[in-house]
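No gaps in the numbering here: position 370 of the sequence shown is 390 in the working numbering, and each next residue is one more.
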Amino acid sequence: MITTHLQLELQEQNKWQFKPQFKNWKVFDQLVYNEFLTTEQHYLQQCQNLENIVKFAVNHVPYYRNLFQELGLSYHDIKNIHDLTKIPILSQTNLIEKFNELTAEILPKGEKMYGYTASSGTTGRPKKVLTIVKNNLMFSILCQRNYRFARFNPFGKMAVIRWSHSIPRLKDGSSNPDGETFRLNNWQYPGQFFYTGIEVFFNDTNPIEKQLEWLYKQQPHYLITYAGTLEHLAFANHQKNAIESLRSALTISEMLTDSMEQKINSNFNIPVTQNYGLNEIGIVAMQCSEKRYHIYTEHCLVEIINEEGKPCQHGEQGRIIITGLNNFAMPLIRYDTDDLAIALTDSCPCGRTLPSFGKIIGRYRRYANLPENTLLYYEKVCDLIAQMPNHLISNLRQYQLHQYANNTFELRLLTVDDLPTQFYQIINQIWQETVKDSSVTLEIITVDKIPKAKSGKTDYFTSDFF
């Protein structure tokens, strides 16, 4: 167990050296202090921030003005977090169809419009959200907090493997081409405020062997990439050759499962952590050493609710509902992320007092109507592959489990050569021991390609029931 405390985190923060124009900024130290407030202090701070955004939304956003009138509510009725349940959940469909009504008629004094962010449309139609400069700035500020949580040394070399549209543009406005390295003299986001090492970027669309070769050549200290990409790199690194400089990795966008982390740890021998966020809100939470997601309450409030819409008890699984606190251009109050997570209500052993939640399960809309035990079967396959000795999976590069409408399964394998017979024997044996219904069969096939989702994310599990 790795614990922390206020003085230790202030020491970590002091490792970051401000650029001259930001030397009087207190916001980063304040974030550290916020991580160790008392429960009452957290509650009062959240209530005040909530009151501010709700009052503004009711007065200046048509959607909320009309909604509160229909409900017979005033913004005075929302005084604390518990009062949030008086407000209906804002669905992703509402966000798309009520875009104009959700747009503020004016901005608070001193605030400026930044533009809009757009989601990838993983769960349906793409969603866009107008945002102000302050809200956009919070992303860079909270990004630095992520790196402090993960104990990144700001003077180290950062490597990023992402889709080309998420990599800074070339001078002529074009995207970074495959095979090429894009370089910044500072880390992309905290480099606005602090002196940092360099940051290098490589496209996720490069072949996985080329990505691994690039990492050996670049010898970064830290790596940021998608969870799926990092696992693919672990498969490609089957000889467990060390990237000697690499100290840790941060995964983004995709869910990091226990089996993924196990595979990554065994191949690269580095700690892996993950943050949680969404384009519509920004950075929401970051994992600590205890694998809890600590909520960034300066930026948002998180509820985890059950099927009846009530707060989940400790250890229960529920839907993640988020209220943004800084985006006055388009306030999102009780926004349904469609994600599932485990509710936690006790104090975290890591020492931070920020509220937290546990393991992220996946998409509610995708998993709600799956046949019984579907996720058990999927997790069993993932765990099996993660635990396979290297000589059985050295030729494996990627896999995907698909569920057909008749509830039979197909395990699709992308390989560079044949896999040993023992690999198939182990999978089939454990499947038969796990699945009691003889009609729920598994066929294992090799394929030339496993396409990614439209969003560019890795799909490890697909189903005709989605």
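Note that the Cβ used here is the ideal one computed from N, Cα and C, for glycine as well. No experiment lies behind these values; they were computed from the predicted model shown.
Return yes when the Cβ of Phe56 is within less than 8 Å of the Cβ of Leu26, no when it is not.
Locating residue 26 in the sequence shown gives position 6, where the first residue counts as 1. Locating residue 56 in the sequence shown gives position 36, where the first residue counts as 1. Contact: yes.
Report yes if the C-beta distance between Phe348 and Leu127 is below 8 Å; otherwise report no.
Against the sequence shown, residue 348 aligns to sequence position 328. Against the sequence shown, residue 127 aligns to sequence position 107. For Phe348 and Leu127, yes; Cβs fall inside 8 Å.
Whole angstroms is fine: what's the gap from Phe159's alpha carbon to Asp97's?
Position 139 of the sequence shown, counted from the first residue, corresponds to residue 159. Position 77 of the sequence shown, counted from the first residue, corresponds to residue 97. Rounded to whole angstroms, Phe159 to Asp97 spans 30 Å at the Cα level.
From Leu345 to Asp192, what distance separates their C-alpha atoms?
Position 325 of the sequence shown, counted from the start, is the residue given in the question as residue 345. Position 172 of the sequence shown, counted from the start, is the residue given in the question as residue 192. When rounded, the distance between both Cα atoms is 36 Å.
Classify Lys498: buried if its beta carbon has 16 or more other beta carbons within 10 angstroms, exposed otherwise.
In the structure displayed, the chain extends from 21 to 486; residue 498 sits before or after that span and is not available.
Please confirm if the stretch 271–288 is in contact with the stretch 400–412, defined as three or more CB-CB distances below 8 Å between the two stretches.
The stretch 271–288 vs the stretch 400–412: in contact.
Please classify Lys283: is it buried, with 16 or more other beta-carbons within 10 angstroms of its beta-carbon, or exposed?
To locate residue 283, count along the sequence shown from 1; it is residue 263. That one is buried.
Using 8 Å as the cut-off, can you tell me whether the stretch 334–343 makes contact with the stretch 355–370, which would need three or more C-beta pairs spanning the two stretches below that distance?
With a cut-off of 8 Å, the stretch 355–370 and the stretch 334–343 count as touching, because enough Cβ pairs lie within range.
Closer than 8 Å by C-beta to Thr58: which residues in its own chain qualify, once you throw out the five before and the five after it? Chain order, please.
Position 38 of the sequence shown holds residue 58. So the list reads Thr373, once near-sequence residues are dropped.
Quick one: Cα of Gln41 to Cα of Tyr215, how far?
What you label residue 41 is simply residue 21 of the sequence shown in a count that begins at 1. What you label residue 215 is simply residue 195 of the sequence shown in a count that begins at 1. Approximately 12 Å, taken between the alpha carbons.
Which runs of the alpha helix (DSSP H) fall wholly inside the stretch 63–123 and span at least 4 residues, in chain order?
Those alpha helix (DSSP H) runs which fall completely within the stretch 63–123 and span 4+ residues are 82–91, 112–117, 119–122.
Classify Thr478 as buried or exposed, calling it buried when 16 or more other Cβ atoms lie within 10 Å of its own Cβ.
By one-based count along the sequence shown, residue 478 stands at place 458. Under this definition Thr478 is a buried residue.
Taking just the CA atoms, how far does Glu121 sit from Tyr83?
Looking up residue 83 in the sequence shown gives position 63. Looking up residue 121 in the sequence shown gives position 101. Tyr83 and Glu121: Cα-Cα distance of roughly 5 Å.
Kindly list the residues whose CB is nearer than 7 Å to the CB of Ile109, restricted to its own chain and excluding five residues on each side of it in sequence; keep chain order.
The residue labelled residue 109 in the question sits at position 89 within the sequence shown. Answer for Ile109: Ile341, Arg354, Asp356, listed in chain order.
Counting pairs of Cβ atoms below 8 Å between the stretch 301–317 and the stretch 256–265, do you hit three or more?
Not touching, per the Cβ criterion.
Roughly how many whole angstroms lie between the Cα atoms of Lys125 and Ile152?
One-based indexing of the sequence shown puts residue 125 at position 105. One-based indexing of the sequence shown puts residue 152 at position 132. A small correction: the amino acid at residue 125 is Glu; Lys does not occupy that position in the sequence shown. C-alpha separation (whole angstroms): 13 Å.
With DSSP as the reference, label Asn410 as helix, strand or coil.
As a first step, residue 410 must be located in the sequence shown, where it is residue number 390. The answer is helix: DSSP assigns Asn410 an H, G or I state.
Find out if the Cβ-Cβ distance for the pair Val304, Ala269 is shorter than 8 Å.
Residue numbering aside, residue 304 sits at position 284 when the sequence shown is read from its first letter. Residue numbering aside, residue 269 sits at position 249 when the sequence shown is read from its first letter. Not in contact: Val304 and Ala269 (Cβ atoms no closer than 8 Å).
Any heavy atom of the ligand GTP closer than 7 Å to the CB of Tyr136?
Inclusion of the ligand GTP in the displayed structure is not the case, the ligand content being empty and no account of it being possible.
Within its chain, find whatever has a CB closer than 6 Å to the CB of Ser195; leave out the 5 residues flanking it on each side and keep chain order.
By 1-based counting over the sequence shown, the position of residue 195 is 175. If we look at Ser195 and ignore the five residues flanking it on each side, its Cβ neighbours are Ser184.
Taking the alpha carbon of Phe255 as the point to measure from, which residue in Asn415, Glu32, Asp457, Arg85 has its own alpha carbon closest?
Counting from one through the sequence shown, the residue named residue 255 turns up at place 235. The option with the nearest alpha carbon to Phe255 is Asn415.
Enumerate in chain order the residues of its own chain whose CB-to-CB distance from Ile290 is below 7 Å, with the five nearest sequence positions on each side excluded.
Translated into the one-based positions of the sequence shown, residue 290 becomes position 270. Here the set comprises Leu266, Arg267, Ser268, Ala269.
Identify the continuous alpha helix (DSSP H) that holds Asn54 and give its terminal residues.
Translated into positions along the sequence shown, residue 54 becomes position 34. Asn54 -> alpha helix (DSSP H) spans 47–54.
Determine the direct distance from the alpha carbon of Ile228 to that of Asp438, and round the result to whole angstroms.
Along the sequence shown, one-based indexing puts residue 438 at 418. Along the sequence shown, one-based indexing puts residue 228 at 208. Whole-angstrom Cα-Cα distance: 18 Å.
Below 8 Å, how does it come out for the stretch 432–449 and the stretch 407–422: are there three or more Cβ pairs, yes or no?
Touching, yes, given that three or more Cβ pairs across the two stretches are closer than 8 Å.
Among Pro369, Phe377, Cys368, Phe485, which residue has its Cα nearest to the Cα of Asp359?
On the sequence shown, position 339 is the one that residue 359 refers to. Nearest of Pro369, Phe377, Cys368, Phe485 to Asp359, Cα basis: Phe377.
Report buried or exposed for Pro471, applying the criterion of at least 16 other Cβ atoms within 10 angstroms of its Cβ.
Counted from its first residue, the sequence shown places residue 471 at position 451. The residue in question, Pro471, is exposed, as its Cβ has fewer than 16 Cβ neighbours within 10 Å.
Quick check on the DSSP output: the alpha helix (DSSP H) that includes Ser160 runs from which residue to which?
In the sequence shown, the residue the question calls residue 160 occupies position 140. Where Ser160 is concerned, the enclosing alpha helix (DSSP H) stretches over 153–169.
DSSP beta-bridge partners for Ile315?
Numbered from its first residue, the sequence shown carries residue 315 at position 295. Bridge partners of Ile315: Ala305.
Quick one: residues in its chain with C-beta nearer than 6 Å to the C-beta of Leu243, no 5 flanking neighbours on either side, listed in chain order?
Against the sequence shown, residue 243 aligns to sequence position 223. Within the same chain, Leu243 has close Cβ partners Ala179, Ala269.
Pick out whichever of Cys163, His80, Ser139 has its Cα sitting closest to the Cα of Lys129.
Reading the sequence shown from its first residue, position 109 is the one you call residue 129. If we check each option's Cα against that of Lys129, His80 comes out closest.
Classify His252: buried if its beta carbon has 16 or more other beta carbons within 10 angstroms, exposed otherwise.
Against the sequence shown, residue 252 aligns to sequence position 232. With 16 or more other Cβ atoms within 10 Å, it is buried.
Rounded to a whole number of angstroms, what is the C-alpha to C-alpha distance between Tyr384 and Cys368?
The sequence position of residue 384 within the sequence shown is 364, counting from 1. The sequence position of residue 368 within the sequence shown is 348, counting from 1. With a pLDDT of only 49 at Tyr384, under 50, the local geometry of the prediction cannot be trusted, and no value is derived from it.
Which stretch, first to last residue, makes up the alpha helix (DSSP H) that contains Tyr444?
For the purposes of this step, residue 444 is taken as residue 424 along the sequence shown, with counting starting at 1. 441–454 is the span of the alpha helix (DSSP H), which, as asked, contains Tyr444.
How far does the alpha helix (DSSP H) with His252 in it extend, from its first residue to its last?
In the sequence shown, the residue the question calls residue 252 occupies position 232. Segment 247–256, the alpha helix (DSSP H) holding His252.
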